[in-house]
Amino acid sequence: MDASGHWINFLWTLPLLMMLFALQVHAEVFINTRSGGVVITCRDCGKYNQILPAVTSIEETLVDRTVGLPCLATEHPHHDTPVLLLFYRHQSNIPFFSYDARNGDFWRGGTSKTRDARYEGRVHLNLMQPRRVMLNMEHISLTDAGDFTCRVDFLGSPSLTSIVKLVVYDSS
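When the letters of the sequence shown are read in order and numbered with mature numbering (1 follows the signal peptide of the UniProt record, and there is no 0), they come out as residues -27 to -1, 1 to 145.
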C-alpha cells in the first residue's frame, strides 16, 4: 500500500475516534504497519458496534489477469486463532467462498468450498506466511469489479471483517 492509503485510513479513523470519545465509548485502535490496515475495536460498544468501519483495501488489475484479494481481518489485534473465513460479494448475505478450520489448524488443515458457479475453479485460498491470507481470483472480467467482504470468526473473540474494493481495467 502506498502512502496515500495510509492517509485514507487516517482520515476516516480520526473523525470516528472523536465521535466515540464524545459518546464516551472506550475504543482501541490497532494499526498494521505492514498492510496499512486499521482495526478499531471497543469494549461494551452495544449499539455503537454498527458504526465501526471494517479494514479496507483497494486492489487494481487488468481483464484476464489473476488478482489476490487480501483478507486483513485475519490479523486479530489480540492474536486469537481464526477458525472460519468467509468471502462475500458486497451486499450479499450468502458467502461465495468459505474456508473452515474448526476441526484443525487454520494455517494447515482447513477445507475450502466455492458456493457460486461464477467463481467455481477461479478462486483459490493462499495462506502465506507470516499469517497472511489472499483469495486468488483468476481470469478477471469487468463484471468482477466491486466490493468483496471477508469475515473471519475466531476461537474466542468476536468476528472481524475487512472490505476489498476490486478495480478492473479493460486492457484494450
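Beta carbons are placed, not taken as given, at the ideal position from N, Cα and C, and that holds for glycine.
Nearest to residue i by CA position, among the options, is which residue?
i: Tyr92; options: Leu100, Asn66, Gly82 and Phe60; result: Phe60
i: Pro55; options: Asp73, Arg62, Val96 and Ser65; result: Asp73
i: Pro43; options: Thr122, Phe69 and Asp53; result: Thr122
i: Leu35; options: Asp120, Ala90, Val125 and Ile113; result: Ile113
i: Thr87; options: Leu100, Ile67 and Met101; result: Ile67
i: Asn99; options: Pro131, Ala90, Leu115 and Arg81; result: Arg81
i: Ser132; options: Glu33, Gly41 and Leu58; result: Leu58
Applying the criterion that 16 or more other CB atoms from any shown protein chain within 10 Å of the CB defines a buried residue, is residue i buried or exposed?
i: Ile31; result: exposed
i: Thr39; result: exposed
i: Phe69; result: buried
i: Gly77; result: exposed
i: Gly9; result: Bear in mind that the predicted position of Gly9 carries a pLDDT of just 46, short of 50, making it too unreliable to give a figure here.
i: His63; result: exposed
i: Thr6; result: The pLDDT assigned to Thr6 is 44, lower than 50, so where the model puts this residue is not dependable; a value taken from the coordinates is nonetheless given after this. By the 10 Å Cβ count, Thr6 comes out exposed.
i: Lys20; result: At Lys20, the pLDDT of 44 sits below 50, so the modelled position is not reliable and the matter cannot be decided from this model.
i: Asp120; result: exposed
i: Leu115; result: exposed
i: Leu108; result: buried
i: Gln23; result: Low confidence applies here, because Gln23 scores a pLDDT of 44, under 50, leaving its location unreliable; read the following figure in that light. Gln23 is exposed by the Cβ-count criterion.
i: Gly83; result: buried
Counting along the chain, where does the beta strand (DSSP E) carrying residue i start and finish?
i: Thr134; result: Leu133 to Tyr142
i: Asp120; result: Gly119 to Phe127
i: Val56; result: Pro55 to Arg62
Am I right that residue i and residue j are in contact with their C-beta atoms under 8 Å? What's the rounded C-beta distance?
i: Val106; j: Thr47; result: 5 Å
i: Asp117; j: Val140; result: Incorrect: roughly 10 Å between the Cβ atoms, too far for contact.
i: Ser135; j: Asp37; result: About 26 Å; that fails the 8 Å criterion.
Per DSSP, which residues does residue i bridge with? Please list them.
i: Leu108; result: Leu42 and Leu98
i: Glu32; result: Leu139
i: Asp73; result: Leu57 and Thr84
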